[in-house]
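Novice: Structure below; questions to follow.
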């Protein structure tokens, strides 16, 4: 089936893949809100949500319904178009990163080789980095369009925090790149399957990346844009109804995606530890098991994020900037230098 | 018309439209946002030319970092329609003439180029491996010199942005004591 020189089967295949992956991300994010409340309850010796459905499992649906039903208020003095655009951008940039992540090995459907990855572009890591750097706009536009001083301050805070931590994040990624020698996400995973996980060679790089991921997702201890005792409610103060819901939801999608990115870059992606799954042959269920393994790793990271949120108090703003610029950035530079020297010595 | 050509036309029209909107928009924030759209369309053109690295670096550096700083400044200064300074008629005329001259030079420069469609989605020079090899083999010295230039600019910015040295604590304390004594007397 060819039209306009496009193979439409590939088009439909990718379309289905996109739908499945985005739905997965949304459902995981939905139940992350439930998990967050349950974990918070566990850490604080409470019960957590347990009214809607068995064990409160329907709580996310109830929350979503509530948000949709609430009255929607657009402030008179706001820029209406940008006010609506803000939460949209937050959601879009949160979902876009999933395009280059390899969710599983290639599966074989009736002779069709279907890779469980939407697009294996040869600049995979840089693409992720680019989308992350665009994540600022959702916050900035929303904060500015609200025409509220607290929102604007929170938006500026959020943006400067994200820009500051992007640098250290990029430098820690560079060390991984030197190790693998390719920017493709699939070859990063394959390299780890062959040579062991990157976290074994780059423990410091992983630590830096993890801290920066916390800051990029605006999670505690870096949730200064939402510091309610200083800024009322943060950059989404004027938002109500599902627009507020989208902002809150985008944070959980970001968390899920960054958990998946961390498992892909440092923890072998869909690789099962201590098992040579290539020996199992090319069955369709091998790809599915890989997907489940990746999800398990991501779930562990999401748990770690929540554990940190309910354990560590928030940083002060100058502490945050000092940590980013004076500690993480030099540390990432040193890490990069050491990696480069070791690779050079080993190759000679 | 192939798919690349359709994409090219869509991108080209969006690029020109958004570039015009940068100039036409009354509100500076909208101008910056339109400029970001323009950068995206230019990145799209890079991808059509199979220069994926350039495309993504364009987005990371311009849309992701520099435009955020622009937005920062504009939002913090709270520029909008009312605060825009009204320029005199002569200044506007001078601007139009200068812009027209630039257009003339560009048109004159492009008039004698070979009438040949640029090859789309061919050539691998824009891919990161080849670009890296070219930069670090054929153009090492200019590349390194430009990076030193960036470094010096960065150091300069840090020096300029540094705070003035504060009065030492001891002298401040002495001042406080002196005032207290003065009050007591």
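Chains as they are written, first to last, in this note's numbering: chain A, 9 to 356; chain B, 64 to 248.
All C-beta atoms, glycine included, are put in the ideal place defined by N, C-alpha and C.
Can you tell me which of the three DSSP states residue 124(A) falls into?
Specialist: Here residue 124(A) refers to the residue found at position 116 when the first chain is read from its first residue. Three-state result, residue 124(A): strand.
Novice: For residue 85(A), does the three-state DSSP call read helix, strand or coil?
Specialist: As a working note, residue 85(A) is residue 77 in the first chain. Residue 85(A) falls in the coil class under three-state DSSP.
Novice: Below 7 Å between beta carbons is the criterion; list the residues of the stretch 152-173 of chain A that meet it against any residue of chain B, in chain order.
Specialist: Flagged, chain order: 152, 160, 164, 167, 171.
Novice: In chain A, which residues lie less than 8 Å from residue 115(B) when you measure between Cβ atoms?
Specialist: For the purposes of this step, residue 115(B) is taken as residue 52 along the second chain, with counting starting at 1. 129, 130, 131, listed in chain order.
Novice: Taking the alpha helix (DSSP H) that residue 79(B) falls in, what are its first and last residues?
Specialist: Within the second chain, residue 79(B) is the residue found at index 16, counting from 1. Element bounds for residue 79(B): 66-87.
Novice: At a Cβ cut of 7 Å, what residues of the stretch 138-153 of chain A count as close to chain B, listed as they run along the chain?
Specialist: Against chain B - using a Cβ distance shorter than 7 Å - the residues of the stretch 138-153 of chain A are 138, 141, 142, 144, 148, 152.
Novice: Counting only beta-carbon atoms, is residue 92(B) nearer than 8 Å to chain A?
Specialist: Stepping through the second chain from its first residue, residue 92(B) is reached at position 29. Closer than 8 Å to some Cβ of chain A, the Cβ of residue 92(B) qualifies, so yes.
Novice: Compare the C-beta of residue 135(B) with all C-beta atoms of chain A and state if any pair is closer than 8 Å.
Specialist: Here the question's residue 135(B) lines up with position 72 in the second chain. It does: the Cβ of residue 135(B) has a partner Cβ on chain A nearer than 8 Å.
Novice: What is the rounded straight-line gap between the Cα of residue 272(A) and the Cα of residue 299(A)?
Specialist: The residue you call residue 272(A) lines up with position 264 of the first chain. The residue you call residue 299(A) lines up with position 291 of the first chain. Those two C-alpha atoms are separated by around 11 Å.
Novice: With burial defined as no fewer than 16 other Cβ atoms inside 10 Å of the residue's Cβ, what is the status of residue 225(A): buried or exposed?
Specialist: By 1-based counting over the first chain, the position of residue 225(A) is 217. Per the 10 Å Cβ criterion, buried.
Novice: Would you mind working out which of 268(A), 88(A), 328(A), 126(A) sits nearest residue 37(A), comparing C-alpha positions?
Specialist: Start at 1 with the first residue of the first chain, and residue 37(A) comes out as number 29. Per the Cα distances, 268(A).
Novice: Do you know whose CA, among 117(A), 93(A), 32(A), lies nearest residue 293(A)'s CA?
Specialist: Reading the first chain from its first residue, position 285 is the one you call residue 293(A). Among 117(A), 93(A), 32(A), the Cα nearest to that of residue 293(A) belongs to 117(A).
Novice: Could you check whether residue 78(A) and residue 249(A) sit closer than 8 Å to each other, using their CB atoms as the reference points?
Specialist: The count along the first chain starts at 1 and reaches residue 249(A) at position 241. The count along the first chain starts at 1 and reaches residue 78(A) at position 70. Contact flag set, yes.
Novice: How many angstroms separate the CA atom of residue 84(B) from the CA atom of residue 91(B)?
Specialist: As a first step, residue 84(B) must be located in the second chain, where it is residue number 21. As a first step, residue 91(B) must be located in the second chain, where it is residue number 28. Rounded to whole angstroms, residue 84(B) to residue 91(B) spans 11 Å at the Cα level.
Novice: Taking 8 Å as the CB-CB cut-off, is residue 126(B) touching chain A?
Specialist: On the second chain, position 63 is the one that residue 126(B) refers to. Taking Cβ atoms only, chain A reaches closer than 8 Å to residue 126(B), which makes this a yes.
Novice: I believe residue 340(A) touches residue 176(A) by the beta-carbon criterion, under 8 Å. Please report the beta-carbon distance rounded to the nearest angstrom.
Specialist: Translated into the one-based positions of the first chain, residue 340(A) becomes position 332. Translated into the one-based positions of the first chain, residue 176(A) becomes position 168. Yes, residue 340(A) and residue 176(A) are in contact; Cβ-Cβ is about 5 Å, under 8 Å.
Novice: 8 Å is my cut-off, CB to CB: does residue 218(B) come that close to chain A?
Specialist: By 1-based counting over the second chain, the position of residue 218(B) is 155. Output row for residue 218(B): interface = no.
Novice: Rounded to the nearest angstrom, what separates residue 70(A) and residue 261(A) at their Cα positions?
Specialist: Taking the first residue of the first chain as position 1, residue 70(A) is located at position 62. Taking the first residue of the first chain as position 1, residue 261(A) is located at position 253. Using only the alpha carbons, I get a separation of about 19 Å.
Novice: Are at least three pairs of beta-carbons, each pair with one atom in the stretch 46-65 of chain A and one in the stretch 115-135 of chain A, less than 8 Å apart?
Specialist: At 8 Å Cβ cutoff, the stretches do not touch.
Novice: Helix or strand or just coil, what does DSSP make of residue 159(A)?
Specialist: Locating residue 159(A) in the first chain gives position 151, where the first residue counts as 1. Helix at residue 159(A).
Novice: Taking the alpha helix (DSSP H) that residue 104(B) falls in, what are its first and last residues?
Specialist: One-based indexing of the second chain puts residue 104(B) at position 41. Residue 104(B) -> alpha helix (DSSP H) spans 91-111.
Novice: For the stretch 190-204 of chain A against the stretch 96-116 of chain A, do three or more pairs of beta-carbon atoms, one drawn from each stretch, fall closer than 8 Å, so that the two count as touching?
Specialist: These segments touch.
Novice: So, with DSSP's three-state summary, where would you put residue 219(B)?
Specialist: Locating residue 219(B) in the second chain gives position 156, counting from the first residue. Three-state DSSP puts residue 219(B) in a helix.
Novice: Tell me the DSSP bridge mates of residue 112(A)?
Specialist: By 1-based counting over the first chain, the position of residue 112(A) is 104. Looking at the DSSP assignment, residue 112(A) forms a beta bridge with 124(A).
Novice: Where does residue 117(A) sit, in a helix, a strand or coil, going by DSSP?
Specialist: Position 109 of the first chain, counted from the start, is the residue given in the question as residue 117(A). Strand at residue 117(A).
Novice: Here's the rule: buried if 16 or more other CB atoms are within 10 angstroms of the residue's CB, otherwise exposed. What is residue 85(A)?
Specialist: By 1-based counting over the first chain, the position of residue 85(A) is 77. It counts as exposed.
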